[in-house]
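Engineer: Before anything else, here's the structure in question.
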Amino acid sequence: MTDVTDGVLHTLFQSDQGGHEQVVLCQDRASGLKAVIAIHSTALGPALGGTRFYPYATEEEAVADALNLARGMSYKNAMAGLDHGGGKAVIIGDPETIKTEQLLLAYGRFVASLGGRYVTACDVGTYVADMDVVARECRWTTGRSPENGGAGDSSVLTAFGVYQGMRASAQHLWGDPTLRGRKIGIAGVGKVGHHLVEHLRDEGAEVVITDVREDAVRRILDRHPEGVTAVADTEALIRVEGLDIYAPCALGGALNDDTVPVLTARVVCGAANNQLAHPGVEKDLADHGILYAPDYVVNAGGVIQVADELHGFDFERCKAKAAKIYDTTLAIFARAKMDGIPPAAAADRIAEQRMAEAAAARGW
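Counting in this note's numbering, the sequence shown runs from 19 upward without gaps.
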């Protein structure tokens, strides 16, 4: 246990992944809740980010994920033009076996104890119905159902934003934003991926899918008997001949030392968070001639949607904001070309500049 604590403290106070304002370890023995709430920055406003419910192998892994995801939310919210900083929470355990109303209510009390410094929402393993329960104990909860004053499923606009990022990537690389006739591979056709398939098929793209859940794949194939095919796994998908765009839409770390060299796609643009397994992968992508649309930029449609809940939700207003992901992505590619750096680094610079200016305005 000492080693775990030492590792966490080193990450928080000494490593490049640290610099967080606050990290809260939450435990409720009665319900079995074990959770981590990480607030990376409130320079732009209250930290906003979802709650991930996942069976982490170790507590240290859970803390590390919360820290990385919270930091990513700071950059995502900055690039989305939101007046929110970055935060994230993880609940440790298998949601299929330990998720209960009592546990979610206990979690809501912990979020409420932060007094609005952190606003929560859905993420992997949590859903609209869960946020409705959390909201009974915490008013700083978004991603609720329309019946309970919320915006509902944020994956709708997440997929729309990724679609806009793909269009911008096509415009930058091929001089035309249309995706008709392009072959696009999607790894993960769950909450976001299945909506993305609909956008691509509506435009006439050829889609190749894979998912660890056979029922998710079957649902897509049944709905689209033409224009969509499936492969066994992600390893097969990234090697599909003639792939134009690869969209990681499951968990992070999809782009690493093993996958980048064998990618056949010219573009990577997907919904998954933290797609780059480690620093330096963005340069490897550029060296292999692969255009990378930064994940936290193109997948910001969901956070745009849940942020709007705090001001009285209007779907068309949110969709108009999410449509601007197209222009933001093009601006990042232009900045990358001008500075001679990968797009991921260009996006970071733009986001860091906005956060720094906000902090300076507050006298921090």
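No residue lacks a Cβ here, since even glycine has one placed at the ideal position from N, Cα and C.
Quick check: the Cα distance between residue 374 and residue 365, rounded to an integer number of angstroms?
Structural biologist: 14 Å
Engineer: Taking 7 Å as the cut-off, decide whether the C-beta atoms of residue 316 and residue 180 are in contact.
Structural biologist: yes
Engineer: What did DSSP end up calling residue 336 once you bin it into helix, strand or coil?
Structural biologist: Note: residue 336 maps to helix in three-state DSSP.
Engineer: Does the structure place the region 185-193 close enough to the region 149-164 that three or more beta carbon pairs sit under 8 Å?
Structural biologist: no
Engineer: Rounded to whole angstroms, how far is the Cβ of residue 282 from the Cβ of residue 261, which I believe are closer than 8 Å?
Structural biologist: About 5 Å separates the two Cβ atoms, so the contact holds.
Engineer: Under 6 Å Cβ to Cβ from residue 377, same chain only, skipping five residues before and after it: list those, please.
Structural biologist: Excluding residues within five positions, the ones whose Cβ falls inside 6 Å are 61.
Engineer: Can you name the start and end residues of the beta strand (DSSP E) that residue 46 belongs to?
Structural biologist: 40-46
Engineer: For residue 314, tell me which candidate among 338, 328, 286, 336 has the shortest Cα-Cα distance.
Structural biologist: 286
Engineer: Hey, could you find the ends of the beta strand (DSSP E) residue 63 is sitting in?
Structural biologist: Secondary structure note for residue 63: it is in no beta strand (DSSP E), with a DSSP letter that is neither H nor E.
Engineer: For a minimum of 4 consecutive residues, which ranges assigned as the alpha helix (DSSP H) are wholly contained in the region 207-246?
Structural biologist: Counting only runs of 4 or more, we get 211-221, 232-241.
Engineer: So the beta strand (DSSP E) residue 107 belongs to, where does it begin and stop?
Structural biologist: 103-110
Engineer: Is there contact here, the region 166-178 with the region 331-340, by at least three beta-carbon pairs under 8 Å?
Structural biologist: In this structure the region 166-178 touches the region 331-340; the number of beta carbon pairs closer than 8 Å is three or more.
Engineer: Express the C-alpha separation of residue 143 and residue 20 in angstroms, rounding to a whole number.
Structural biologist: Model confidence at residue 20 stands at a pLDDT of 44, short of 50, so the residue's coordinates are unreliable and nothing is read from them.
Engineer: Please classify residue 312 as buried or exposed, where buried requires at least 16 other C-beta atoms within 10 Å of its C-beta.
Structural biologist: buried
Engineer: Based on Cα-Cα distance, which residue from 159, 297, 217 lies nearest to residue 182?
Structural biologist: 217
Engineer: Check whether the region 192-206 and the region 265-275 are in contact - that is, three or more C-beta pairs closer than 8 Å.
Structural biologist: yes
Engineer: Using the DSSP secondary-structure output, state which residues sit across from residue 273 in a beta bridge.
Structural biologist: 294
Engineer: Helix, strand or coil: which one does DSSP assign to residue 256?
Structural biologist: Looking at residue 256 - three-state DSSP - the assignment turns out to be coil, as it is neither helix nor strand.
Engineer: Given a cut-off of 7 Å, decide if residue 238 and residue 246 are closer than it, judged by their beta-carbon atoms.
Structural biologist: Against a cut-off of 7 Å, the Cβ pair of residue 238 and residue 246 comes out as a contact.
Engineer: Is residue 64 buried or exposed, if buried means 16 or more other CB atoms sit within 10 Å of its CB?
Structural biologist: buried
Engineer: Pick helix, strand or coil for residue 124, following the three-state DSSP scheme.
Structural biologist: helix
Engineer: Assign residue 327 to one of two classes, buried (16 or more other C-beta atoms within 10 Å of its C-beta) or exposed (fewer than that).
Structural biologist: buried
Engineer: Reducing DSSP to helix, strand and coil, say where residue 115 ends up.
Structural biologist: helix
Engineer: Let me know the secondary structure DSSP gives residue 55 once reduced to three states.
Structural biologist: strand
Engineer: Mind checking whether residue 160 and residue 324 have CB atoms under 7 Å apart?
Structural biologist: yes
Engineer: Excluding the 5 residues flanking residue 345 on each side, which residues of the same chain have their C-beta closer than 8 Å to its C-beta?
Structural biologist: 186
Engineer: Tell me which residues share the same chain as residue 69 and place their Cβ nearer than 6 Å to its Cβ, disregarding the 5 neighbours each side in the sequence.
Structural biologist: Cβ-Cβ distances below 6 Å link residue 69 to 107, 138, 141, 144 in the same chain, with the five nearest sequence neighbours on each side left out; the list follows chain order.
Engineer: Taking all protein chains shown into account, do 16 or more other C-beta atoms lie within 10 angstroms of the C-beta of residue 157, making it buried, or fewer, making it exposed?
Structural biologist: By the neighbour-count rule (16 or more Cβ atoms within 10 Å), residue 157 is not buried but exposed.
Engineer: Please look up how many angstroms separate the CB atoms of residue 115 and residue 49, rounded, as I've assumed it's under 8 Å.
Structural biologist: Contact doesn't hold; Cβ gap of about 13 Å is too wide.
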